[in-house]
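Step one of this worksheet: look at the structure below.
Chains as they are written, first to last, in this note's numbering: chain A, 757 to 1237; chain B, 12 to 315.
Have a look at this one:
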């Protein structure tokens, strides 16, 4: 077999894989424990939805501990997941910002309220558990019956605290403000649902105190409503467990030593200074280690998105068709070969978009279409060189290799400079959560890289496969000469 | 053979003819910044009843709710775009509810954006930094890629001058179009500008690569002849590549919908300018530099 043909098999294998990934209903890859589904991720400007940039609400000169930001990001992510939007994005942008994207979210106001809330701190009724059972639950997620967006359940509490947690009449009925999306999307955790006695909203003050023995306790103070609830509950349940959860995760399970009637109490335990501080901070700010504020938000209605998607698809198809025709008409036979390579290019690039995955936005699609121009350019460079070599009287097979070899430095250098620009655009988009800029640079960069691959490998191999058997002197017109 | 290098001062003149009016427009009218860069909010709505209320009433309603200086534009049959200072989603919802009540129509929110003022300024500052950084990165890369050629940095500088040419053309055209079409400079415009920078250098390098190659092959020929020869050799490629890119961009501009038209038009202008500058500016600059022609500029009329 000719040396130039040896790449044909890898190319075909890559193509088959790419087509498999591109299939509209791709079955995905499921081998053993490896599971991977492929789908096209569409950006907010195409499906509608909400994008917001949250910033640590600290004075501009203060720096933020990266660890705190990481924790805040994780917590925001948990809350975003609880909203039940498909394919949400939560990412840190720069040193003190978090960008969130909720494709398809139709109620931005509510979504932001849920995300921004200072941590869902709940005091839950664990009186049905023994000490050991309760301790086993620390750092695990549990179900509670408190529903985000519903006003505090304080009024209905006093009469019901004494009843065991699992009885149905305790379940708080969601009021009209809570839509079904919210109630149905609270992360399903196996096990019983615990009753929420009160939330962190009733906490007035929290601090760390040292004891006479040199240990640490977390002291807290409640507002008047909270004091009343606490008084009723602790009086009835001395010796039993009162669970404290943050965003449904049990952070502490103290038992009630004495009834707390004055609205002030302490949580005792064998705390180190750090542990006590952490617990106090968690109680104070909810789970967010730093307060966040919304600095930019953008929402796009679903109709505008769908309209943009349809139009850019039409434009893309028309643009590609024109390019394919141009290549075939101007470069004749090599042009048609290049068109085949171009199809491979589009197939592989799209597969990469689904594989990585890259979220496609309008400018992203524009970047993709532009990179088709780059892909064509590489072929044009090779063909112009090919023609020169043919005019100089070289044999066809030799001319293909020479044409490719001479065109390579300019393909490499010119594409590299585009990649440099892409890198800077990506950095810029990343810092500001400007996902549109980021998406554009990513699609353009992938396009440039794949176009280099198709120019180097695919076009050259195809040219040899198709052209090597042709007698050039008899068919010069096939080459536009 | 076409002699492009010989008429280099004519082509420099054509560039100036485009750039100078653009710069004047920039100086007189300035570039209106979008909320991405200066902060503020944008609300794009349509009135489901099909009748749009008079903009003045909307401005008044905004003012009554503490948002002065709002700018109201009608768009299409039943649409309206309102720009004002930044607001929260809750405030926006309240305004929409008030408008629904006052103008007796349900309202569909197509798009809502709100950017805090401090973020806007920061973005603008970083954007300038990004353009500078891109220029620097490219200069370094070209100097590296052409290190075998004598005076490699000249290629880098010439490519940067051609790139700045394209940046000025784009900025000038944007200033003129923004004035008449009420366009605003947003992060998409910036993306287009950076893409133009990338493409401009991409184009220039293809020509430079030929010069690099030909300088080796035709050592005996005068510099001018080698440069001109290289330009002509790459001319078909330059035009064909530009044609294919511009064809796809035309398709996007015509059928791609209003959202990205501004973006695509700027790309079109930039790609055209990029090809022009790589053929008619970048390589002739090398010749001017090689001949040190600036010594004669002020003595007598340039040899056009």
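The beta carbon of each residue, even a glycine, is placed where N, CA and C say it ideally should be.
Coarse secondary structure for residue i, derived from DSSP in three states
i               : result
residue 73(B)   : helix
residue 965(A)  : strand
residue 1256(A) : Past the edges of chain A, shown from 757 to 1237, lies residue 1256(A), and the structure says nothing about it.
residue 1023(A) : strand
residue 304(B)  : coil
residue 32(B)   : helix
residue 1151(A) : coil
residue 861(A)  : coil
residue 795(A)  : coil
residue 950(A)  : strand
residue 213(B)  : helix
residue 894(A)  : coil
residue 1145(A) : helix
residue 1114(A) : coil
residue 866(A)  : helix
residue 126(B)  : strand
Cα-Cα separation between residue i and residue j, rounded to whole angstroms
i               : j               : result
residue 232(B)  : residue 239(B)  : 11 Å
residue 983(A)  : residue 1019(A) : 4 Å
residue 128(B)  : residue 304(B)  : 49 Å
residue 802(A)  : residue 1064(A) : 6 Å
residue 886(A)  : residue 1009(A) : 11 Å
residue 193(B)  : residue 86(B)   : 12 Å
residue 1017(A) : residue 836(A)  : 37 Å
residue 1027(A) : residue 971(A)  : 7 Å
residue 976(A)  : residue 846(A)  : 33 Å
residue 234(B)  : residue 226(B)  : 8 Å
residue 31(B)   : residue 40(B)   : 14 Å
residue 928(A)  : residue 1177(A) : Its pLDDT being 26, under 50, residue 928(A) is placed unreliably by the model, and the measurement read from it follows with that caveat. If I take the Cα positions, the gap works out to 56 Å.
residue 118(B)  : residue 111(B)  : 6 Å
residue 265(B)  : residue 308(B)  : 45 Å
residue 920(A)  : residue 884(A)  : Per-residue confidence for residue 920(A) stands at a pLDDT of 34, beneath the threshold of 50, marking its modelled position as unreliable; no derived number is given.
Sequence-distant residues of the same chain with beta carbon closer than 8 Å to residue i, five excluded per side
i               : result
residue 767(A)  : 1100, 1213, 1214, 1217
residue 202(B)  : 274
residue 1035(A) : 974, 1007, 1008, 1023, 1027
residue 130(B)  : 50
residue 822(A)  : 851
Neighbourhood of residue i by C-beta, 7 Å cutoff - its chain only, sequence neighbours within 5 removed
i               : result
residue 841(A)  : 858, 859, 860, 861
residue 1125(A) : 1072, 1075
residue 13(B)   : 243
residue 165(B)  : 297, 300
Chain-ordered chain A contacts of residue i [CB-CB under 7 Å]
i              : result
residue 268(B) : 1063, 1064, 1067, 1068
residue 125(B) : 1052, 1053
residue 144(B) : 1180
residue 18(B)  : Here the premise fails: no neighbours, minimum Cβ distance about 24 Å.
residue 152(B) : 1172, 1173, 1176
Cβ-based neighbour list, residue i, same chain, cut-off 6 Å, excluding 5 preceding and 5 following
i               : result
residue 834(A)  : 1003
residue 208(B)  : 145, 174
residue 1183(A) : none
residue 120(B)  : 56
residue 999(A)  : 880, 882, 1006, 1009
residue 785(A)  : 792
residue 149(B)  : 212
Listed by chain order, chain B residues near residue i by CB distance under 9 Å
i              : result
residue 972(A) : By Cβ distance, chain B contributes nothing, its closest Cβ being about 39 Å from residue 972(A), past 9 Å.
Contact list for residue i against chain B, beta-carbon separation under 7 Å
i               : result
residue 1133(A) : 252
residue 1075(A) : 258, 259, 262, 263
residue 1165(A) : 220
Amino acids of chain A, ordered along the chain, whose beta-carbon sits closer than 9 Å to that of residue i
i              : result
residue 148(B) : 1173, 1176, 1177, 1179, 1180
residue 99(B)  : 865, 868, 1050, 1053
residue 239(B) : Simply none; closest approach about 17 Å.
residue 162(B) : Here the premise fails: no neighbours, minimum Cβ distance about 17 Å.
residue 272(B) : Neighbours of residue 272(B) on chain A: none; closest Cβ ~10 Å, over 9 Å.
Heavy atom of the ligand MN within 7 Å of residue i beta-carbon
i               : result
residue 1212(A) : As far as ligands go, the structure on display features none, and thus does not contain the ligand MN.
Amino acids of chain B, ordered along the chain, whose beta-carbon sits closer than 8 Å to that of residue i
i               : result
residue 1086(A) : 251
residue 836(A)  : Neighbours of residue 836(A) on chain B: none; closest Cβ ~15 Å, over 8 Å.
Residue-chain proximity (residue i, chain E), Cβ-Cβ < 8 Å
i               : result
residue 1071(A) : No chain E is present in this structure, whose protein chains are A and B.
Partner residues on chain A for residue i, Cβ-Cβ distance less than 8 Å
i              : result
residue 119(B) : 1057, 1059
Residues within the region 839 to 866 of chain A neighbouring chain B, beta-carbon criterion of under 7 Å: 864, 865
Of all the residues that make up the region 189 to 204 of chain B, which are near chain A by a beta-carbon distance shorter than 8 Å? 198, 199, 201, 202
Which residues, taken in chain order from the region 984 to 1008 of chain A, show a beta carbon closer than 8 Å to some beta carbon of chain B? Cβ contacts with chain B come from no residue of the region 984 to 1008 of chain A.
Under 9 Å (Cβ pairs) to chain B, residues found in the region 1112 to 1127 of chain A: 1118, 1119, 1121, 1122, 1123, 1125, 1126
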